[in-house]
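Quick note on the numbering used here: the sequence shown kicks off at 0 and runs consecutively.
Taking it in order: structure first as C-alpha cells, then the write-up.
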Amino acid sequence: MHEPEASTPAAPDRSAAWRPETRAIRSGRASMGTSLAPVLWPTTTFVTPTVDDARRMATSVGPERFYTRYGNPTVRDFERAIAELEGAQDARAYASGMGAVSGVLLAICSAGDHVVAPRQLYAGTQLLFQSACPRFGIEVTFVDGTEPGAFAAAVQPGRTTLVWAETPANPRLDLVDLDELGAIAGPVTVVDSTFATPLLQQPLAHGVDLVLHSATKGIAGHNDATLGVVAGSAELIGWLWGFAVLHGASASPFDAMNGLRGLRTLGVRLRQQCETAQLLAEALEAHPAVEDVRYPGLASHPQHDLAKRQMSGFGSMLAFDVTGGLEAGRRFVESVQLAQLAPSLGGPETIVTHPASTTHVSLTPEELAANGIGPGTVRLSVGLEHPDDVIADVDAALRAATEG
Ligand SMILES: *Cc1c(COP(=O)(O)O)cnc(C)c1O
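Dropping the structure here:
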C-alpha cells in the first residue's frame with residue numbers, strides 16, 4: 000500500500016516560456032468550454048436574467064453577452080487571442096480591415112484635428128485620408144515614411160491627435176522605424192501591421208499605442224474571412240469600443256471563428272511563406288527580365304538593417320518591376336499558371352497583382368510614381384505551394400511576358 004500523497008506539489012507553469020507561434024495555438028479559448036476547436040456563437044442577442052443585469056450590461060464597456068454589436072463570445076475569444084499575441088491589454092475586432100482603420104480614425108479625430116500619415120499606404124487607407132478626411136474637417140499631412148524623423152517633424156503639438164504608419168507598407172515593402180514612432184509623445188500612434196501579422200513584429204513593444212491588422216489577410220489566412228482588429232491599452236480599446244458600437248462595423252462571429260482557426264496555423268504558414276519569398280526574391284534578383292526587386296529579407300532592400308532589427312521574419316509579400324513596362328507587366332500576370340491574378344494577400348494561394356493596369360489604373364504616370372508604382376510593377380503574395388513550383392511558374396511567366 001502506498002501512503003496517500005499529502006499533496007501533489009503544483010508543477011511550475013511552463014506557459015510563460017511559450018513562443019509566439021505556440022501561444023497562437025493556445026490563446027483565445029475562454030468561451031470554448033471543452034471544445035478543442037473554436038465555438039461559433041451566431042446569436043445576435045442574449046437573454047438577461049433581470050432588469051438590473053440588462054442595465055448593467057447596457058452601460059458597461061464591452062459586455063460579452065448582451066447584444067452582438069457590443070460584444071460576442073466568439074469575437075471576444077479572437078480579440079483576446081490577438082491582444083495576447085501583441086502584448087496588449089485588450090483588442091477590438093471589426094467587420095474588415097477598413098472597418099478598423101475608419102473606426103480608429105473616427106473614434107480619435109474630430110473636426111479641426113490634424114493627422115500625420117505616410118505616403119506609402121494601403122490604397123483604401125490612402126483614399127480615406129485623402130478624400131474623406133477633408134469632408135470631416137480633419138487635415139492630413141503625408142510624409143515619406145522611410146525618412147528618419149519625418150513623422151515627428153510633421154507633428155503639430157496640441158493639434159495632431161493621430162500619427163499613422165504602415166510597415167511593411169504597400170506596395171514596395173517600405174518600412175517605418177518603430178522605435179522612432181514609439182518615441183512620439185502626445186498624439187495616438189497607430190501601426191497597420193497587416194503585412195507582418197502579430198508573429199513577425201511587435202509594434203507595442205516599441206512604444207506604439209495601437210497595432211492594427213486586416214485579419215482578412217495572413218491572420219485568417221485562407222481567403223474566407225473579412226475581418227479587422229486593433230490592439231492596445233484597455234483604456235484606448237475602451238475608447239474605441241465606445242465609437243465602434245455606433246460605427247457598427249462589428250466583426251461577424253463566423254469570421255472571428257475563422258480568424259481563430261487561422262491563428263492556429265499562422266506560425267507554420269509564415270515559416271513556409273517567408274522561406275519561399277526569400278528564395279523567390281533571390282531568384283528574381285538574378286533574373287534578366289526583372290528590375291528593382293523589393294523584399295525586406297534581401298540585403299539590397301534599402302532598409303534591410305531596420306528589417307533585421309524590428310522583424311523576426313520578412314513576410315510573404317514582395318514587389319518587382321518586369322522589364323518592358325505596362326505591356327510586359329500585363330502579360331506577366333496573364334501568363335502565370337500556378338499564381339493567380341487577384342487582390343489580397345497572406346493566403347495559401349500565390350497571388351499576383353499589376354497595380355498600373357488594375358487597382359491603380361485611374362492614376363497618371365506621375366501619380367503612379369508618387370505611389371511607388373512603375374508601369375511594370377508587380378506585387379506578389381507568396382502562398383503555400385512548393386517553393387520550386389512557385390519559382391518555376393514566375394520564371395516561365397516572365398519569359399512569356401518579355402520574350403518575342
Ligand atoms: C487589405 C488591407 C487593409 C484593408 O483590409 P480589408 O480587410 O480589406 O478591409 C488595410 N491595410 C492593409 C495593409 C491591407 O493589406
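C-beta atoms are modelled at their ideal positions from N, C-alpha and C, and glycine is treated no differently.
Query, Result
"Are the beta-carbon atoms of R22 and I236 separated by less than 7 Å?", "no"
"Quick check on the contact list: which residues have their beta carbon closer than 7 Å to a heavy atom of ligand 1?", "S95, G96, M97, G98, V100, Y121, G123, T124, E165, N169, D191, T193, F194, S213, T215, K216, T225, L226, G227, S343, L344"
"Name, in chain order, the residues that DSSP records as bridge partners for I350.", "Q339, S380"
"Taking the alpha-carbon positions, what's the V381 to L317 distance?", "8 Å"
"Considering only their Cβ atoms, is the gap separating V139 from A153 smaller than 7 Å?", "no"
"If you count every other CB in all the chains shown that lies within 10 Å of the CB of W17, and 16 or more means buried, which is it?", "exposed"
"What number of angstroms, rounded off, separates the C-alpha of M0 from the C-alpha of P11?", "Only weak support exists for where M0 lies, its pLDDT of 46 falling under 50; the value from the coordinates is given anyway. Roughly 29 Å separates the two Cα atoms."
"Considering only the beta carbon of each residue, do S356 and R329 sit closer than 7 Å?", "yes"
"On the CB-based measure, 16 or more other CB atoms within 10 Å of its CB, does P62 come out buried or exposed?", "buried"
"For D392, count neighbouring C-beta atoms within 10 Å of its own C-beta (all shown protein chains included) and say buried if the count is 16 or more, exposed if not.", "buried"
"Output the distance between the C-alpha atoms of T188 and Q155, rounded to the nearest integer angstrom.", "14 Å"
"For T140, report the span of its beta strand (DSSP E) as first-last.", "138 to 142"
"Can you list, in chain order, the residues of its chain whose CB lies under 7 Å from that of A204, leaving out five sequence neighbours each side?", "G86"
"Tell whether a beta-carbon distance below 7 Å holds between N169 and Y93.", "no"
"Taking C-beta to C-beta, are P41 and P386 nearer than 7 Å?", "no"
"Look at the alpha carbon of L104 and the alpha carbon of L161, and state the distance between them as a whole number of angstroms.", "8 Å"
"For A82, which residues of its own chain have a beta-carbon under 6 Å away from its beta-carbon, when the five flanking residues on both sides are left out?", "D89, A90, A230"
"Alpha helix (DSSP H) containing S213: first to last residue?", "Taken as a continuous stretch (DSSP letters only), S213 belongs to no alpha helix (DSSP H), being part of the beta strand (DSSP E) at 209 to 213."
"Quick check on L345: buried or exposed, where buried means 16 or more other Cβ atoms within 10 Å of its Cβ?", "The displayed chain sequence assigns Gly, not Leu, to residue 345. Buried, because 16 or more other Cβ atoms sit within 10 Å of the Cβ of G345."
"Measure from the alpha carbon of V46 to the alpha carbon of each residue in Y66, T58, S30, then state which is nearest.", "Y66"
"Check whether the Cβ atoms of L211 and D191 sit closer than 7 Å, and answer yes or no.", "yes"
"Following the continuous beta strand (DSSP E) through H246, name the residue where it begins and the one where it ends.", "That residue, H246, is in no beta strand (DSSP E); its alpha helix (DSSP H) goes 233 to 246."
"Rounding to the nearest angstrom, what Cα-Cα distance links N370 and A149 in this structure?", "17 Å"
"Under a three-way DSSP split, which group does R398 fall into?", "helix"
"Restricting to Cα atoms, I'd like to know which of E348, G96, T352, R118 is closest to T275.", "E348"
"Report the rounded CA-to-CA distance for L177 versus G247, giving the unit in angstroms.", "31 Å"
"Tell me the DSSP secondary structure of T44 in three-state form.", "strand"
"So, is S109 buried or exposed, given that buried needs 16 or more other C-beta atoms within 10 angstroms?", "exposed"
"May I ask which residues mark the beginning and end of the beta strand (DSSP E) holding L161?", "159 to 165"
"Using the beta-carbon count (16 or more within 10 Å), is A80 buried or exposed?", "buried"
"For the beta strand (DSSP E) containing P117, name the first residue and the last one.", "113 to 117"
"CB A219 to CB G258, shorter than 7 Å?", "yes"
"Exposed or buried, T159, counting other C-beta atoms within 10 Å across all chains shown (16 or more means buried)?", "buried"
"Give a yes or no on whether the C-beta atoms belonging to V289 and G375 are separated by under 7 Å.", "no"
"What does the alpha-carbon distance come out to for the pair H300 and R293?", "6 Å"
"Going by the beta-carbon positions, is the gap between T225 and S101 smaller than 7 Å?", "no"
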